[in-house]
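Please read the structure below before turning to the comments.
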Ligand SMILES: [Zn+2]
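In the numbering used here, the protein residues as written are 4 to 192.
As C-alpha cells, then:
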C-alpha cells in the first residue's frame, strides 16, 4: 500500500510540485524523511522539477540535489517550494541584507558619521534604487544629504574654494591699444 507516494515518485501528492511546468520523475532520488521537517506528509522523493521565476520570468530547474539540501540540511518546512530562480534568490538575499545594513547604520551615520559611513549609506541606497526604482522619500533625502556632506568633506583641505578663476583676462593679456587716443581736433587757429 502506498502512503503519500512512498512506493513511487509519481504517487507523491501534487502539492509538492504545485505550479511546476514539468516534473522529471526519472531523476527521482529517495529522501531520508527522518531528517525532514513535516507534520503529516513527508517528501519521499526528490525530483528535478521546472518552474518559472516570478521575478525575472526565466524558467529554472529546482533540482533533486537542491531539494535534499533544503529539506535535510537546512530543515526547510517540507511544503516549501522556490518561487525564484537561483540567481534571483541570491539577488533578493543581497537586497534584504543591504536594507538591514541601512536600517542598522543610518542613524549613527547621521549623528556623528564618518566619511566612510556616509559613503557606505550612499552606495547602499544607490544599489537599492537600481533594484527597486523608487524608494521612500525619506531614504532618498538622507542619501542626498549624505552625498552633499561627502562631497564637501572630500574636498582637499575641506575648505570651500573662495577664489575661482577670474573670468576676465589679466592686464598683461590685454594688448595695449591706442584706439582710445583722441585725434586732435584741429588747431585753435
Ligand atoms: Zn529569476
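Backbone N, C-alpha and C fix where the C-beta goes; we use that ideal spot for every residue, glycine too.
Between residue 158 and residue 127, the gap from beta carbon to beta carbon reaches 8 Å or more. Residue 74 and residue 16 have their C-alpha atoms spaced approximately 16 Å apart.
In this structure, residue 45 lies near residue 7, with their beta-carbon atoms less than 8 Å apart.
Assignment of beta strand (DSSP E) within the stretch 51 to 96, counting only whole runs of 3 or more residues, yields 62 to 65 in chain order. For residue 128, the uninterrupted alpha helix (DSSP H) run begins and ends at 118 to 135, by DSSP.
Residue 101 is positioned such that its CB atom lies closer than 8 Å to that of residue 130. The DSSP-derived three-state label of residue 29 is strand. Taking a C-beta distance under 8 Å as the contact criterion, residue 87 and residue 56 qualify as a contact pair.
A distance criterion of 7 Å places the beta-carbon of residue 90 in contact range of ligand 1, judged by its closest non-hydrogen atom. At least one heavy atom of ligand 1 lies closer than 7 Å to the C-beta of residue 61. Cβ-Cβ distances below 6 Å link residue 62 to 53, 55 in the same chain, with the five nearest sequence neighbours on each side left out; the list follows chain order.
In the DSSP annotation of this structure, the continuous segment of the alpha helix (DSSP H) that includes residue 146 starts and ends at 140 to 157.
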